[in-house]
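Protein chains: 2
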Amino acid sequence: MILAGELPPGSQLSEEALALRCAVSRTPVRDALRRLEADLLIRRSESQRSFVADWSDDDIEDAFELRAMLEAQAARRAASRINAAQLEALRVHNHGIETAIAADLPDISTFLEHNRAFHEIIVEAAGSPRLASLLTRLIEQPVVWRTAQNYDRENLHRSHREHEELVAAFARRDAGWAASIMTGHIRRAYYAYLDAYAVQRQAAE
Amino acid sequence: MILAGELPPGSQLSEEALALRCAVSRTPVRDALRRLEADLLIRRSESQRSFVADWSDDDIEDAFELRAMLEAQAARRAASRINAAQLEALRVHNHGIETAIAADLPDISTFLEHNRAFHEIIVEAAGSPRLASLLTRLIEQPVVWRTAQNYDRENLHRSHREHEELVAAFARRDAGWAASIMTGHIRRAYYAYLDAYAVQRQAAE
DNA sequence: CCTGAGCCATTTGTATACAATAAGTGGGTC
DNA sequence: GACCCACTTATTGTATACAAATGGCTCAGG
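Protein chains in written order, with numbering that gives the first Met the number 0: chain A, 0 to 204; chain B, 0 to 204.
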């Protein structure tokens, strides 16, 4: 509901209200709130009340910066550990992306799904449960999630090409190359977000 | 209890047993288990049963590697953002460390407390709630916590000197310098842990 | 002796009730 | 009119009961 924008940033989340809305009791709602708090989608006041997290521009830049660092680290590790099956899976998912964006009207949700799977394989290949755990905190952000919704054709194709470069780096097992591409890939996503956000802001005025 | 070693790695944690042991109901125990799972001190089986996490050598190396990366990033950011009060607090805590390790029998718990506060100030000065959130997952590890217990006099004094270097880097607002020292500082801690662990292993045989 | 199926015990998931605490509200006083 | 205190209401914390699912154990059969 947060990702879908049904719950505006800053709004208070009452356990009971959510329980009613989801037709469950407070107990599972509490669990969910705790997890969302860990993922920084929710912040809690001193008196333990829950609010939808509000993201400042600095927060967003910060999140992208950390994500770039961690995903680059994942790529670095993955380069020397990735196996043939994972490499092939990367190619398959990137081909899926190519197909999804080839049509006149790009299929964004298919793109997003393949994109998610692509990055997930890299994290998996990195073989670091800790790194994977940290990254999930950063990629489930509403901001990141919505960015691609505003991707134009150019950004979609650039993303596909960068993935191809990543596959090439992995095939050569070049850790430094893979990490560099990944850093650029995420930074590019950040600026694409900034552009998309600027458009949204203007539209709101 | 995990940190104190009362619950050996791999042992199953029943919510009810813990509730009985702590004289509370299962509800708060469940909350605690969820948090500890997020902090990777507990892993859960496919069937949602909880076990004390067992750390392989690779896990530990991995954790230190990530911690080095994130703390270096914190130092990098802190260098340009730290204020006079925080800088002074760093000096105070490092003086506390100096005093604690000066005696014939070093006061390890005081050392640990000042050390923790020292690093916390840097993370705070970095001004990134996300980074802070990620780091708490890594520094509360049993392994990291116990390392200093086995620090010898040389390691304690080296740690103090490295902190002095960090303060100098912050005073000059040199982000690169601060990050470099921090990376070395954590790597040094890793090797100190390895040495201490090797001693423990031999003692166990 | 090994294998598998069914039953029992253990463990977690969910619902609900009550307690404690914080926030909002109204009235009274200075 | 402003401020403070008491009171009501909203919200979260905890305890407990029951349901569901999983694990392990026993016993029958090969």
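Just so it is clear, CB atoms sit at the ideal spot from N, CA and C, and this is done for glycine as well. Quick caveat: nothing in here was measured; it's all calculated off a predicted structure.
Among the options, which has the Cα closest to the Cα of residue i?
{"i": "residue 152(A)", "options": "98(A), 132(A) and 66(A)", "result": "98(A)"}
{"i": "residue 182(B)", "options": "70(B), 38(B) and 8(B)", "result": "70(B)"}
{"i": "residue 116(A)", "options": "105(A), 92(A) and 138(A)", "result": "92(A)"}
{"i": "residue 29(B)", "options": "44(B), 134(B), 185(B) and 12(B)", "result": "12(B)"}
{"i": "residue 162(B)", "options": "192(B), 119(B) and 133(B)", "result": "119(B)"}
{"i": "residue 63(A)", "options": "197(A), 0(A) and 188(A)", "result": "188(A)"}
{"i": "residue 127(A)", "options": "84(B), 58(B) and 38(B)", "result": "58(B)"}
{"i": "residue 87(B)", "options": "121(B), 108(B), 56(B) and 68(B)", "result": "121(B)"}
{"i": "residue 68(A)", "options": "129(B), 5(B), 197(B) and 184(B)", "result": "129(B)"}
{"i": "residue 48(A)", "options": "132(A), 32(A), 1(A) and 54(A)", "result": "32(A)"}
{"i": "residue 40(B)", "options": "66(B), 65(B) and 6(B)", "result": "6(B)"}
{"i": "residue 133(B)", "options": "22(A), 36(A) and 19(A)", "result": "36(A)"}
{"i": "residue 83(B)", "options": "131(B), 73(B) and 171(B)", "result": "171(B)"}
{"i": "residue 190(A)", "options": "203(A), 90(A), 135(A) and 61(A)", "result": "61(A)"}
{"i": "residue 38(B)", "options": "197(B), 203(B), 178(B) and 138(B)", "result": "138(B)"}
{"i": "residue 56(A)", "options": "203(A), 34(A), 197(A) and 202(A)", "result": "197(A)"}
Using a Cβ-Cβ distance under 8 Å, would residue i count as near chain A?
{"i": "residue 68(B)", "result": "yes"}
{"i": "residue 132(B)", "result": "yes"}
{"i": "residue 43(B)", "result": "no"}
{"i": "residue 80(B)", "result": "no"}
How far does the alpha helix (DSSP H) with residue i in it extend, from its first residue to its last?
{"i": "residue 41(A)", "result": "It is not in any alpha helix (DSSP H) - residue 41(A) instead sits in the beta strand (DSSP E) that spans 41-43."}
{"i": "residue 132(A)", "result": "128-138"}
{"i": "residue 57(B)", "result": "56-80"}
{"i": "residue 112(B)", "result": "107-125"}
{"i": "residue 9(B)", "result": "Run containing residue 9(B): none; DSSP gives neither H nor E here."}
{"i": "residue 165(A)", "result": "152-170"}
{"i": "residue 28(B)", "result": "25-37"}
{"i": "residue 149(A)", "result": "First-last for residue 149(A): undefined, no H or E at that position."}
{"i": "residue 96(A)", "result": "83-101"}
Leaving out the 5 sequence neighbours to the left and right, which residues in its chain are closer than 7 Å to residue i when beta-carbon positions are compared?
{"i": "residue 81(A)", "result": "124 and 169"}
{"i": "residue 10(B)", "result": "50 and 51"}
{"i": "residue 173(A)", "result": "78"}
{"i": "residue 15(A)", "result": "25"}
{"i": "residue 76(A)", "result": "125, 126 and 127"}
{"i": "residue 17(A)", "result": "28"}
{"i": "residue 176(B)", "result": "168"}
{"i": "residue 185(B)", "result": "63, 66, 67 and 70"}
Where does the unbroken beta strand (DSSP E) through residue i begin, and where does it stop?
{"i": "residue 51(B)", "result": "49-51"}
Could you tell me whether the Cβ of residue i comes closer than 8 Å to any Cβ of chain B?
{"i": "residue 127(A)", "result": "yes"}
{"i": "residue 33(A)", "result": "yes"}
{"i": "residue 61(A)", "result": "yes"}
{"i": "residue 187(A)", "result": "no"}
In chain A, which residues lie less than 9 Å from residue i when you measure between Cβ atoms?
{"i": "residue 72(B)", "result": "64, 65 and 68"}
{"i": "residue 30(B)", "result": "29, 30 and 33"}
What in chain A is Cβ-close to residue i, meaning under 7 Å?
{"i": "residue 37(B)", "result": "37"}
To which residues of the same chain is residue i closer than 6 Å at the C-beta, ignoring the five residues directly before and after it?
{"i": "residue 42(A)", "result": "50 and 52"}
{"i": "residue 149(A)", "result": "195"}
{"i": "residue 85(B)", "result": "120 and 124"}
{"i": "residue 8(A)", "result": "51 and 53"}
Keeping to the same chain, check which residues put their C-beta closer than 8 Å to that of residue i; ignore five residues upstream and five downstream.
{"i": "residue 100(A)", "result": "106, 110, 152, 155, 156 and 159"}
{"i": "residue 113(B)", "result": "92, 93, 95, 96 and 99"}
{"i": "residue 180(B)", "result": "74, 161, 164, 165 and 168"}
{"i": "residue 0(A)", "result": "6"}
Applying a beta-carbon distance threshold of less than 8 Å, which residues of chain B neighbour residue i?
{"i": "residue 136(A)", "result": "129, 132 and 133"}
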